[in-house]
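Data block below; observations after.
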Amino acid sequence: MNILLLAAGAYLIGSTPSGYLLVRACRGVDVRAQGSHGIGAINVCRVGGLRLGVLTLLADVGKGTLVVVAAHALTADPWAICAAAFAVLLGHAFSIWLRLREGRFSEGKSVASTLGVLLGLGSLGELPWSAVVAPVGVWGIGLLLPRVLMGRWWCVSPATVAATLSIPLAVHLARPAPAYSLLAGLMAALVLVRHKENFRRLRAGTEPLIASLRPSRRA
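Each residue of the sequence shown is one higher than the last, beginning at 0 in numbering that gives the first Met the number 0.
Spelled out as structure tokens, the structure:
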């Protein structure tokens, strides 16, 4: 199957702004106007509550997994599968749907969809489960460490960045096809670039804490 067509379809699937649509439909507000201004599950939790946050997480993870499984069913070419996988992440990070409707791209960071891609590759046997589980473990440790060392919860973004940095290493150690090693590096680079505002807020001391995941009363 033509790689460009496959990637274009994956991009359109990724462009569906799940969190934005859920909060707009259920709360009547723009999730990008509050909290960290993102459209992902974490900010949806802040603005719309836990239930909408979980639904957003499932939808965004599902986008990544769906694209990988569908691409694998259409072609055995690892490069084509990886092109589709990266395209779905680009779609989430730069939603053409929001660009056309609102005049600007989304604030998506593609974290959950990256997890979905890894889950899809793991379920298909293209990556060992160790390469999928390791970044999740790093994320969990990153969340818990401030609680253990300082007695309080901190921010989500440092844990996410640490987990993101672990993806290329975990995949490289698995020795997969070269396409998947390249994909791991590209996925990590995209997620890190999309965290540039988080880095600025961390330096300024204004990054939202985990406690802010409780939705505001206005929501």
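Using N, Cα and C, we set each Cβ at its ideal position, and we do this for glycine too.
Taking the alpha helix (DSSP H) that residue i falls in, what are its first and last residues?
{"i": "K62", "result": "L49 to L73"}
{"i": "K108", "result": "K108 -> no alpha helix (DSSP H), and no H or E assigned at all."}
{"i": "E196", "result": "K195 to A203"}
{"i": "A130", "result": "W128 to M149"}
Does DSSP put residue i in a helix, in a strand, or in coil?
{"i": "T15", "result": "coil"}
{"i": "L189", "result": "helix"}
{"i": "I38", "result": "coil"}
{"i": "E101", "result": "helix"}
{"i": "A169", "result": "helix"}
{"i": "S94", "result": "coil"}
{"i": "V28", "result": "coil"}
{"i": "R174", "result": "coil"}
{"i": "P77", "result": "helix"}
{"i": "L208", "result": "coil"}
{"i": "G124", "result": "coil"}
{"i": "V46", "result": "helix"}
{"i": "V160", "result": "helix"}
{"i": "V116", "result": "helix"}
{"i": "V87", "result": "helix"}
{"i": "V225", "result": "Limits of the chain in this structure are 0 at one end and 218 at the other, which puts residue 225 out of reach."}
Using the Cβ count rule (16 or more neighbours within 10 Å means buried), how would you classify residue i?
{"i": "L208", "result": "exposed"}
{"i": "G90", "result": "buried"}
{"i": "M186", "result": "buried"}
{"i": "K62", "result": "buried"}
{"i": "L148", "result": "exposed"}
{"i": "A162", "result": "buried"}
{"i": "G121", "result": "buried"}
{"i": "R193", "result": "buried"}
{"i": "G27", "result": "exposed"}
{"i": "P167", "result": "buried"}
{"i": "K108", "result": "buried"}
Would you please state the rounded distance, in angstroms, between the beta carbons of residue i and residue j? I believe it to be under 8 Å.
{"i": "C154", "j": "E206", "result": "5 Å"}
{"i": "L123", "j": "H71", "result": "5 Å"}
{"i": "L201", "j": "S129", "result": "Contact doesn't hold; Cβ gap of about 30 Å is too wide."}
{"i": "E125", "j": "G37", "result": "Contact flag wrong, Cβ pair sits at about 29 Å."}
With a cut-off of 8 Å, does the C-beta of residue i fall near any C-beta of chain D?
{"i": "V46", "result": "Here there is only one protein chain, and chain D is not present."}
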